[in-house]
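J.:
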Amino acid sequence: MKIKNIKEKMKRQGLDSLVVTDRINIYYLTGFSGTAATVLLTEDADYFMTDDRYIDMATSIVEDMTLISTRDAFGEISKITGNLNNLGFEDSLDFGSYLSLSKTSKAELIPSSQFFMDFRQIKTDNEISLIRTACQITDHAFEAVLEFIQPGKTEIEAANFLDFKMRELGASGLSFDTIIASGKRSSLPHGVASRKVIEKGDVITLDFGCFYEHYASDMTRTIFVGEPDSKMREIYDTVRKANQALIDCAKVGLSYADFDKIPRDIIEVAGYGKNFSHGIGHGFGLEIHELPYFNQKMTDNYLQTNMIVTDEPGIYISDFAGVRIEDDLLILENGCEVLTKSPKELIVI
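Whatever position you read off the sequence shown (first residue = 1), add 6 for the working numbering.
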């Protein structure tokens, strides 16, 4: 079905052939995750090219494509496309390969940027299942790190604990560098873990995720070491309300503009609009950042069934503290499913 959909888009765009060089798109199409592969799609046939290191692996994984063992994929492509009018290529095609194709192939080279993203942003049932498992791993890791964090531990120690715990729970790797930002550092939206020692009275932002069978998770929770004061409680409650307001409204047909506006309005009314400095969320799947993205100018774009997106409002006050709460949402016809189940009530350790 994936190949069929790709071929239909090629036809609509007038592409006779398409060379796929992005490793993630190759995995999406074929399930092959080796480091040397090129795919060529044409109207009449499809070709998978790799070298002799991976040909046995490809034979066992790749279906319904002609397999070619070669160290000169672009030479093979030039031969195959010799009688075709054009050849689409991805952004990942390096300049040297582009020059080689332009000299040896008679087909006109046509840039086809982001060709696969329209398809990848709508998840299949299997993809949803894998992302759901990745989110479960993240949830369990968060539960464990709450027992680990205490005054005297460093941010790096907490991050390392989370990273190894997720692997212990079945993750194949991290979907991004774990963010642990405590005290005043929590005002940094992307404060990757440092050697700072966690102290009593700190607010701690934990933003982390994993890959499970190539698919990602992405979650943020903010916790407190000791009772927060009234200002921090107000900030936390505002962010939590913004997060929940989007959950309550997210469904098929919601515009990208409203997806951003609904939670942002709550933060602005509370007086912290200037302190919400990043987008409300993004899609993810085989990569941690994928389409869709959101802003209030996108009035003609709408959520679709089986998109998986993040909901991550935050408030960040320089030289003071910050709070972010992030969930992963599966978009459904009449609402959404929150895939990240970790508690969001104010947590004090």
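Here a beta-carbon is modelled for each residue, glycine too, at the ideal position from N, C-alpha and C.
Buried or exposed, going by whether 16 or more other CB atoms sit within 10 Å of the CB of M362?
T.: Nothing about residue 362 can be read from this structure; the chain reaches only from 7 to 355.
J.: Is it the case that the segment 14-32 contacts the segment 118-133, given that we only count it when at least three CB pairs across the two stretches are under 8 angstroms?
T.: Enough Cβ pairs lie closer than 8 angstroms, so yes.
J.: Considering just the uninterrupted stretch of the alpha helix (DSSP H) at G81, what are its terminal residues?
T.: Mapped onto the sequence shown, residue 81 falls at position 75. Its alpha helix (DSSP H) spans residues A79 to I86.
J.: What does a CB cutoff of less than 6 angstroms around V329 pick up in its chain, not counting 5 residues either side in sequence?
T.: As a first step, residue 329 is located in the sequence shown; it is residue number 323 there, counting from the start. These residues qualify, in order along the chain: T228, I241, Y242, V245 and I321.
J.: Counting only runs that start and end within the segment 89-145, where is the beta strand (DSSP E) found for 3 or more residues in a row?
T.: Qualifying beta strand (DSSP E) stretches, in chain order: 92-95 and 114-117.
J.: Given this structure, state the Cα-to-Cα distance separating L194 from L73, to the nearest angstrom.
T.: Here the question's residue 194 lines up with position 188 in the sequence shown. Here the question's residue 73 lines up with position 67 in the sequence shown. Going by the C-alpha atoms only, they are around 49 angstroms apart.
J.: Threshold first: 4 residues or longer. Then list the alpha helix (DSSP H) segments lying entirely within the segment 8-63, N to C.
T.: Entirely contained in the segment 8-63, the alpha helix (DSSP H) runs reaching 4 residues are, in chain order, 8-18 and 29-36.
J.: Determine the burial state of N91: buried for a count of at least 16 other Cβ atoms within 10 Å of its Cβ, exposed for fewer.
T.: Start at 1 with the first residue of the sequence shown, and residue 91 comes out as number 85. With fewer than 16 Cβ atoms within 10 Å of its Cβ, N91 is classed as exposed.
J.: Is V329 helix, strand or coil by DSSP?
T.: Stepping through the sequence shown from its first residue, residue 329 is reached at position 323. Strand, per DSSP.
J.: Between C216 and A140, which are expected to be in contact by the criterion C-beta below 8 angstroms, what is the C-beta distance as a whole number of angstroms?
T.: Start at 1 with the first residue of the sequence shown, and residue 216 comes out as number 210. Start at 1 with the first residue of the sequence shown, and residue 140 comes out as number 134. Sure, about 6 angstroms apart at Cβ, within 8 angstroms.
J.: Since D131 and K347 should fall inside the 8 angstroms C-beta cutoff, what is the C-beta to C-beta distance between them, to a whole number of angstroms?
T.: On the sequence shown, position 125 is the one that residue 131 refers to. On the sequence shown, position 341 is the one that residue 347 refers to. Rounded, the Cβ-Cβ distance is 20 angstroms, inconsistent with contact.
J.: Taking the straight line between their C-alpha atoms, what separation do you get for I32 and V209?
T.: Walking along the sequence shown from the start, residue 32 turns up at place 26. Walking along the sequence shown from the start, residue 209 turns up at place 203. Using only the alpha carbons, I get a separation of about 42 angstroms.
J.: Could you name the residues of the same chain whose beta carbon sits closer than 6 angstroms to that of S75, not counting the 5 residues immediately before and after it, in chain order?
T.: Position 69 of the sequence shown holds residue 75. Contacts found: D58 and I61.
J.: Report the start-end ranges of each beta strand (DSSP E) in the segment 189-241 that is 3 residues or longer and not cut off at the edges.
T.: As far as the segment 189-241 is concerned, its whole beta strand (DSSP E) runs of at least 3 residues are 209-214, 216-218 and 225-230.
J.: Which same chain residues end up closer than 8 angstroms to E149 when comparing Cβ atoms and leaving out the 5 residues on each side of it in sequence?
T.: Within the sequence shown, the letter at position 143 stands for residue 149. These residues qualify, in order along the chain: S348.
J.: Would you check if the segment 261-274 and the segment 230-239 touch, i.e. whether three or more CB-CB distances between them fall below 8 angstroms?
T.: Touching, no, given that fewer than three Cβ pairs across the two stretches are closer than 8 angstroms.
J.: Thinking C-beta only, is T305 closer than 9 angstroms to I337?
T.: Position 331 of the sequence shown holds residue 337. Position 299 of the sequence shown holds residue 305. In this structure, T305 does not lie closer than 9 angstroms to I337 by Cβ.
J.: Taking its Cβ as the centre, do 16 or more other Cβ atoms sit within 10 Å of E153, making it buried, or is it exposed?
T.: Counting from 1 along the sequence shown, the entry for residue 153 is found at position 147. When all chains shown are included, E153 counts as exposed.
J.: Mind checking whether M71 and T41 have CB atoms under 9 angstroms apart?
T.: To locate residue 71, count along the sequence shown from 1; it is residue 65. To locate residue 41, count along the sequence shown from 1; it is residue 35. No. Outside cutoff.
J.: Helix, strand or coil for V344? Go by DSSP, reduced to three states.
T.: By one-based count along the sequence shown, residue 344 stands at place 338. Looking at V344 - three-state DSSP - the assignment turns out to be strand.
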